[in-house]
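**Student:** Which chain is which? The protein sequence lines are A and B, in order. The first sequence begins at 24 in the numbering used here and counts up one residue at a time. The second sequence begins at 17 in the numbering used here and counts up one residue at a time. All C-beta atoms in this analysis are idealised placements derived from N, C-alpha and C, irrespective of residue type, glycine included.
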Amino acid sequence: MHVPDGVLPLWVYILFLVVSIPTLGFAIRKVNRRFDERLTPYMGVLAAVIFAAQLVNFPVPPASGHLVGTTLLAVMLGPWAAMVIIALVLFVQALYGDGGILAFGLNFFNMGILGAILGWSISLVLFKGLRRFRDDKSAVLMSTPVAAFIVTIMMAFVLGLELLAIPGLGFEFVIVITAIHAIIAVGEGILTFVILLYFVRAKPKLVSFLSESIASKTIRESPLKKEMPLEEMSVVEEAK
Amino acid sequence: MERDTFLKVVLPTVVLLIAITSVLIVTGLASENPDGFEWALFEWAGVEEPSGSYGGLFTFLGSGPVADAIAGGIGIIIVLLLAYVFFRYSSRNSE
């Protein structure tokens, strides 16, 4: 899904840089407002996992594809932190010649902004629906891969539309690139499930959808709950 | 970073990631044509791959699976450090 430099007209690259760079700045500001220092090593690990997963392309004859991972990150860390990690990964990839430096804005728009917002929103809707019937861990494990599957296809469709800026390309190109990504999206869903399963079992607090329910469950079960406001309660839990 | 977290989580994960990606790349189990589907599509649509574009930081290593595995391993460490430094800084900002 990485678009290299020199394929699209220059104005398209500039347009997406103009949209993406301020959005990245906004995401960084949002991330700066809330963070637990103890979780920072895991952020590094997650970024490394996504970079490594994008290094390895799985064959989808006659083509190939790789994990994007934005939906996974958005469910785990929230959409803003997901955007920042994808930006870091894309930046290093651009230095490596995978995707372009000028094309950074376009690639970040597709995989970072769209992926994070859509991935987080669709996962949240599915998660809230599923948790009526299942426990939170099962709900997040079911909702996230399905959302990753849907979002991969949506990102490919948008990419196809963007590539129509290349003179001579017709709408059949959009259909073909979307259809191929529908197969790649199955791989995205499977890999998302496997990586998420590890974190749900090993470090559920790192999965934002679960950490909220863990916090509210802890507060519900605390004997102090009737005497203390919610914010103070979280401080008490944090101190424990 | 706490020494315990580094030894129990970060180091094993990084070693495992580098080992898995290196094995997949060197043994040719990964696709040898990264993002090739897009170029195949472009060719099908009559768009030629641009020539003379930027090859990347590690072009001096040459091409081939071993060079790709080395570059990939270095990239994993760079991304990990960048993300760690960024989030560490931002978490201190928020305190």
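Do the CB positions of residue 30(A) and residue 187(A) come within less than 9 Å of each other?
**Tutor:** Against a cut-off of 9 Å, the Cβ pair of residue 187(A) and residue 30(A) comes out as no contact.
**Student:** So, with DSSP's three-state summary, where would you put residue 83(A)?
**Tutor:** Residue 83(A): strand per DSSP, three-state reduction.
**Student:** What's the C-alpha gap between residue 111(A) and residue 139(A)?
**Tutor:** The straight-line gap from Cα to Cα measures roughly 14 Å.
**Student:** What first and last residue would you give for the alpha helix (DSSP H) that runs through residue 28(B)?
**Tutor:** Note, residue 28(B): alpha helix (DSSP H), 27–42.
**Student:** Since residue 21(B) meets chain A, which of its residues come closer than 7 Å, beta carbon to beta carbon?
**Tutor:** Within 7 Å Cβ-Cβ: 64.
**Student:** Taking residue 99(B) and residue 108(A) to be in contact with their CB atoms under 8 Å, please state how far apart those CB atoms are, rounded to whole angstroms.
**Tutor:** 6 Å between Cβ atoms; contact.
**Student:** Closest by CA to residue 183(A), which one among 174(A), 172(A), 195(A)?
**Tutor:** Closest by alpha carbon: 195(A).
**Student:** Using a Cβ-Cβ distance under 9 Å, would residue 188(A) count as near chain B?
**Tutor:** It does not; no Cβ of chain B falls within 9 Å.
**Student:** State the CB to CB distance for the pair residue 93(A) and residue 142(A), rounded to an integer number of angstroms; the pair is presumed to be in contact (CB under 8 Å).
**Tutor:** About 5 Å; that satisfies the 8 Å criterion.
**Student:** Grab me the residues of residue 230(A)'s own chain with a C-beta within less than 8 Å of its C-beta, minus the 5 sequence neighbours each way, in chain order.
**Tutor:** Correct list, in chain order: 98, 99, 163, 219, 222, 223.
**Student:** For residue 152(A), which of helix, strand or coil comes out of DSSP?
**Tutor:** In this structure, residue 152(A) counts as helix in the three-state DSSP scheme.
**Student:** Would you say residue 40(B) reaches chain A, if we count a Cβ-Cβ gap shorter than 9 Å as a contact?
**Tutor:** Closer than 9 Å: yes.
**Student:** Kindly indicate which three-state DSSP category residue 88(B) falls into: helix, strand or coil?
**Tutor:** In the structure shown, residue 88(B) sits in a helix (DSSP, three-state: H, G or I).
**Student:** Reducing DSSP to helix, strand and coil, say where residue 67(A) ends up.
**Tutor:** Here residue 67(A) sits in helix by DSSP.
**Student:** Whose Cβ in chain A lies nearer than 8 Å to the Cβ of residue 80(B)?
**Tutor:** Within 8 Å Cβ-Cβ: nothing; residue 80(B) doesn't reach chain A, min ~15 Å.
**Student:** Mind checking if residue 36(A) is an interface residue toward chain B, Cβ cutoff 9 Å exclusive?
**Tutor:** Chain B contact via Cβ: absent.
**Student:** When DSSP labels each residue in this structure, what does residue 88(A) get in the three-state scheme?
**Tutor:** Three-state result, residue 88(A): strand.
**Student:** Please identify the residue among 106(A), 51(A), 91(A), 118(A) whose C-alpha is closest to the C-alpha of residue 177(A).
**Tutor:** Closest option to residue 177(A), Cα to Cα, is 91(A).
**Student:** Would you check if the distance between the CB atom of residue 153(A) and the CB atom of residue 166(A) is smaller than 9 Å?
**Tutor:** In contact: residue 153(A) and residue 166(A) (Cβ atoms closer than 9 Å).
**Student:** Spatial neighbours of residue 34(A) within its chain, please: CB distance less than 7 Å, with the 5 preceding and 5 following residues excluded, ordered by chain position.
**Tutor:** Nothing meets the Cβ criterion.
**Student:** With a cut-off of 9 Å, does the C-beta of residue 181(A) fall near any C-beta of chain B?
**Tutor:** Chain B, which has no Cβ nearer than 9 Å to the Cβ of residue 181(A), makes this no.
**Student:** Kindly list the residues whose CB is nearer than 8 Å to the CB of residue 70(A), restricted to its own chain and excluding five residues on each side of it in sequence; keep chain order.
**Tutor:** 108, 111, 112.
**Student:** Which same chain residues end up closer than 7 Å to residue 32(A) when comparing Cβ atoms and leaving out the 5 residues on each side of it in sequence?
**Tutor:** Only 188 meet the Cβ criterion.
**Student:** How big is the Cα-Cα spacing for residue 63(B) and residue 43(A)?
**Tutor:** Between residue 63(B) and residue 43(A), the C-alpha separation is close to 26 Å.
**Student:** Going by other Cβ atoms of all chains shown within 10 Å of its Cβ, with 16 needed for buried, is residue 76(A) buried or exposed?
**Tutor:** Burial call: buried.
**Student:** Answer with buried or exposed for residue 38(B), where buried requires no fewer than 16 other C-beta atoms within 10 angstroms of its C-beta.
**Tutor:** Buried is the call here.
**Student:** Return the CA-CA distance between residue 97(B) and residue 65(A), expressed in angstroms with no decimal places.
**Tutor:** Residue 97(B) and residue 65(A): Cα-Cα distance of roughly 11 Å.
**Student:** Whole angstroms are fine: how far does the CA of residue 48(A) sit from the CA of residue 226(A)?
**Tutor:** Cα-Cα distance, rounded: 29 Å.
**Student:** Residue 122(A) to residue 129(A), Cα distance in whole Å?
**Tutor:** Rounded to whole angstroms, residue 122(A) to residue 129(A) spans 10 Å at the Cα level.
**Student:** Short of 8 Å in beta carbon distance, which residues of its chain neighbour residue 197(A), apart from the five on each side in sequence? Order them along the chain.
**Tutor:** 180, 183, 184, 186, 187, listed in sequence order.
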